[in-house]
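In what follows, a structure is listed as structure tokens, so that the remarks can point back to it.
There are 2 protein chains.
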Amino acid sequence: MSRSRTTVVDIAHAAGVSKSTVSLVLQGSPLVNEKTREKVNSVIADLGYIYNRGAANLRQARSKIVGIVVNDLTNSFFAELAVGMDMVVQSAGYVQFLAHSGESVDRQREVIASMRENGIAGLILSPARGTEAADLKPLIDSGIPVVVVVRNLPGAKVSTLLSDNYTGAKAAVRHLVSLGHRRIGFMGGFIDTAVFAERLRGYRDALQEAGIAADDALIIHSAPSRAGGVAAVERMMLHPDRATAALCLNDAVAFGVCDGLRSVGIDPGKGFGVIGFDDVIEAKTAVPALTTVSVDPQGMGQRAAQLLLKQINAGGNEQESLVTSVRLVVRQSCGAPVRNNYLEEMA
Amino acid sequence: MSRSRTTVVDIAHAAGVSKSTVSLVLQGSPLVNEKTREKVNSVIADLGYIYNRGAANLRQARSKIVGIVVNDLTNSFFAELAVGMDMVVQSAGYVQFLAHSGESVDRQREVIASMRENGIAGLILSPARGTEAADLKPLIDSGIPVVVVVRNLPGAKVSTLLSDNYTGAKAAVRHLVSLGHRRIGFMGGFIDTAVFAERLRGYRDALQEAGIAADDALIIHSAPSRAGGVAAVERMMLHPDRATAALCLNDAVAFGVCDGLRSVGIDPGKGFGVIGFDDVIEAKTAVPALTTVSVDPQGMGQRAAQLLLKQINAGGNEQESLVTSVRLVVRQSCGAPVRNNYLEEMA
DNA sequence: AGATATAATTGGAACGTTCCAAATATGTCA
DNA sequence: TGACATATTTGGAACGTTCCAATTATATCT
Chain U
0 MSRSRTTVVD IAHAAGVSKS TVSLVLQGSP LVNEKTREKV NSVIADLGYI
50 YNRGAANLRQ ARSKIVGIVV NDLTNSFFAE LAVGMDMVVQ SAGYVQFLAH
100 SGESVDRQRE VIASMRENGI AGLILSPARG TEAADLKPLI DSGIPVVVVV
150 RNLPGAKVST LLSDNYTGAK AAVRHLVSLG HRRIGFMGGF IDTAVFAERL
200 RGYRDALQEA GIAADDALII HSAPSRAGGV AAVERMMLHP DRATAALCLN
250 DAVAFGVCDG LRSVGIDPGK GFGVIGFDDV IEAKTAVPAL TTVSVDPQGM
300 GQRAAQLLLK QINAGGNEQE SLVTSVRLVV RQSCGAPVRN NYLEEMA
Chain P
0 MSRSRTTVVD IAHAAGVSKS TVSLVLQGSP LVNEKTREKV NSVIADLGYI
50 YNRGAANLRQ ARSKIVGIVV NDLTNSFFAE LAVGMDMVVQ SAGYVQFLAH
100 SGESVDRQRE VIASMRENGI AGLILSPARG TEAADLKPLI DSGIPVVVVV
150 RNLPGAKVST LLSDNYTGAK AAVRHLVSLG HRRIGFMGGF IDTAVFAERL
200 RGYRDALQEA GIAADDALII HSAPSRAGGV AAVERMMLHP DRATAALCLN
250 DAVAFGVCDG LRSVGIDPGK GFGVIGFDDV IEAKTAVPAL TTVSVDPQGM
300 GQRAAQLLLK QINAGGNEQE SLVTSVRLVV RQSCGAPVRN NYLEEMA
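Order-wise, the sequence lines are chains U and P. Just so we're aligned: 84 in numbering that gives the first Met the number 0 is position 85 of the first sequence, and the numbers increase by one with no gaps anywhere. Just so we're aligned: 274 in numbering that gives the first Met the number 0 is position 275 of the second sequence, and the numbers increase by one with no gaps anywhere.
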């Protein structure tokens, strides 16, 4: 219907200059005379010209596109992470392919391949469960910068951005201990993820440090979701000598645990202390407000994106591994009186 | 560092054929002899060739990329919507630029412009508040198919996929009436969105139908989020003759309302009937499980993507407007005994 | 005015693919 | 075997940009 796309040549013709000059204008080169720049720009506006970035990429062998693959976009933690990335990617003049792997390594492989064919300049990956370092080898060898976030991928030669899961979990459990709890559970998560392992280790070390004997019956696996949290509580209730408080794998599980407690008549925060991990936005407004280890997912997403962009611009491929620090935010769900040093700033 | 990209010419050379033949193989053309196809494919595998879709797009003047712009990715409704789209887009061999406008029309404009420069074949937009039909005019005029979802954009010549907000809201209020409620509120949402207007209209008509006088004091605006729901309850409590039940703009508000009720000592589902809208995944597992109007966000995303792909393949630009039907799913939050005809199937 | 420096502009080749028209190989029939 | 049909292969032009080296216009200096 509409006739063929207007191109630099059309602009050049209409403005009475060469296509090279138009190209210089498009790139904001200082070489071009102010007068002609204005002329060209006005013609561009008149003709409704749309820059063809694909053609430019072809010539320049680089693009302004990054790929982001996230294991579960329906989990608010990852959604916020993605939003953080979106912010910095976008304001750096890039666009992102953003895909959801749904924890499927096959899907993840496919989507990464597709992104590669489409010429991404770099990739941020929150790996699906079961991803191996070898899966990323070809991509990395081709010189495309990769940043792995949230879940560690030991052995992969990539930059990594993780949260300090160990320290965070330890702090949370210490807090529960300081409130007088002795039977403290760990709820949610599957054993095969690095995040689970690290948080569990923090939990264990804190218990040991407090001289509390470990009891594996208090560690209850479940899906790392709200539904998983509900299920975990059900399972917990079967145990005669159940926990009086728990650190949950993440906030989603913690919310589920609160739901589950309520449905068996226990008031979360009063009858049972609950601590989450992540600090998603709902944590603050939930009732009871969730005590949680704040990871600042959005900020983490921003940092990941910054790291990737830095890597892309540097060209070199030296990896960098960052661990972002976390802090315990004490709210109502653990039953604690809010202490000053933990006092949360108002939003 | 790594030497220049391997290209069809390299493959052709190594396989002893012409680049044209390699191209035919890549496109799965039936013209090429089985023997040579195998040869070429093996060389492709050996050399680790990566198809350059950008170059192909340039030549063909069409791409396998779609754009998706969503107003708020941190809202699970939209996250699920995006995941639904992701599914069908991906399995159709496309990739998506997926961006978050954060309800900013400026940001939305920028990101759509950027996607256009990058050669999207079509766009799915869940418009930011304040988007006008005119904003999409240039894009549409250029012949790129656009599908608008969730929020209507009157006057825009685009395909649209909406949920039946009016009927859903009406059904929800009817249900509350059938439970004996007379003072029924409408909570959450800003007045300037079409979704709000439609659901409110359903609410009003259902009340009228039941012979209940409208009382604007029962309509409480707030942000369409969990925090907004909490705030709405606070405001509601100031009213001497408060509601005994409410239809909420969406599930996020409904969850917030439940939180807010709890914090003033009211047990949601018992002391106050709450109905949401959307049926996000947490609705089922929340405690109390949320009675809500099910929109099936993921399914809606899938349908939107299918609609767009159909449009892209058809080439023509006749618009199509679909309204997806919704159904009331009665769970615990409205205090109703679960009735058979509404009984929810197990997942 | 002529030489020289500096500012601004420019034509063509190149990026990696697809498409077309044309060429070549292979098979079939009388 | 020659004519014809069919199957397979192939060079080059084209897509819309950027880059380079080279050219032309303008300013500056003696």
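Yeah, the Cβ is synthetic: ideal placement off N, Cα and C, and Gly gets one too.
- By DSSP's assignment, A244(P) forms a beta bridge with I183(P), G272(P).
- At a beta-carbon threshold of 8 Å, the residues of chain U lying near V94(P) are F96, A98, V110, S113, M114, N117, ordered along the chain.
- In the DSSP annotation of this structure, the continuous segment of the alpha helix (DSSP H) that includes R203(U) starts and ends at 193–208.
- Take the alpha-carbon of G270(U) and the one of I64(U): they are about 51 Å apart.
- Per DSSP, Q95(P) is one residue of the beta strand (DSSP E) stretching across 94–99.
- Taking 7 Å as the Cβ-Cβ cut-off, the region 68–82 of chain P approaches chain U at L72, T73, S75, A78, E79, A81, V82, given in chain order.
- Taking 8 Å as the cut-off between beta carbons, the residues of the region 30–56 of chain P near chain U are G47, I49, Y50, N51, R52, G53, A54, N56, in sequence order.
- When Cβ-Cβ separations below 7 Å define contact, A226(P) makes contact with chain U.
- Taking A81(U) as the centre and dropping the five residues before and after it, the same chain places the C-beta of I67, V69, L72, L97, G300 closer than 8 Å to its C-beta, in chain order.
- Excluding residues up to 5 positions away in sequence, E197, R200, G201 lie with their Cβ nearer than 7 Å to the Cβ of Y165(U) in the same chain.
- Taking C-beta atoms under 8 Å as the contact rule, G53(P) and N117(U) qualify, at a distance of about 7 Å.
- When secondary structure is reduced to three states using DSSP, T291(U) falls in the strand class.
- Here the region 279–297 of chain U lies against the region 312–331 of chain U, with 3 or more beta-carbon pairs under 8 Å apart.
- With three or more CB-CB distances shorter than 8 Å, the region 301–310 of chain P counts as touching the region 128–146 of chain P.
- Counting of Cβ neighbours within 10 angstroms places N151(P) among the buried residues, the total reaching 16 or more.
- A Cβ-Cβ distance of about 4 Å is found for the pair T159(P) and S320(P), placing them in contact under the 8 Å criterion.
- The three-state secondary structure of S28(U), taken from DSSP, is coil.
- Shown here for A171(P): same chain residues with a beta carbon closer than 7 Å to its own, the five before and five after excluded, namely L246, I274, V292, L327 in chain order.
- About 6 Å separates the CB atoms of M235(U) and I219(U); that is less than 8 Å, so the two are in contact.
- Close to D85(U), with beta-carbon spacing below 8 Å, are these residues of chain P in chain order: L72, A98, H99.
- Assignment of V7(U) by DSSP, reduced to helix, strand and coil, places it in the helix class.
- In the DSSP assignment, T73(U) falls outside any alpha helix (DSSP H) and carries neither an H nor an E.
- R261(U) reaches chain P at V286, counting residues in chain order whose Cβ is nearer than 7 Å.
- At a cut-off of 7 Å between C-beta atoms, E281(U) counts as an interface residue with respect to chain P.
- Excluding residues up to 5 positions away in sequence, A127 lie with their Cβ nearer than 8 Å to the Cβ of S103(P) in the same chain.
- The continuous alpha helix (DSSP H) containing S177(P) extends over residues 164–177.
- Counting only the Cα atoms, G314(U) lies some 20 Å from Q89(U).
- When the five nearest sequence neighbours on each side are left out, the beta carbons in the same chain lying within less than 7 Å of the beta carbon of D204(P) are those of K169, in order along the chain.
- Below the 7 Å Cβ cutoff, chain P contributes T284 as neighbours of G255(U), in chain order.
- For V292(U), there are no neighbours in chain P by C-beta distance under 7 Å, as the nearest C-beta there is about 19 Å away.
- Going by beta carbons, V87(U) and Q331(U) fall outside the 7 Å limit.
- The straight-line gap separating the alpha-carbon atoms of E233(P) and H180(P) is approximately 20 Å.
- Looking only at K283(U), P287(U), D277(U), T243(U), the smallest Cα-Cα distance to D258(U) is reached by P287(U).
- Around I10(P), no beta-carbon contact reaches into chain U at under 7 Å, the shortest distance being about 15 Å.
- In the three-state reduction of the DSSP assignment, T35(U) falls in the helix class.
- Judged by DSSP secondary structure, S320(P) falls outside any alpha helix (DSSP H) and instead within the beta strand (DSSP E) spanning 320–323.
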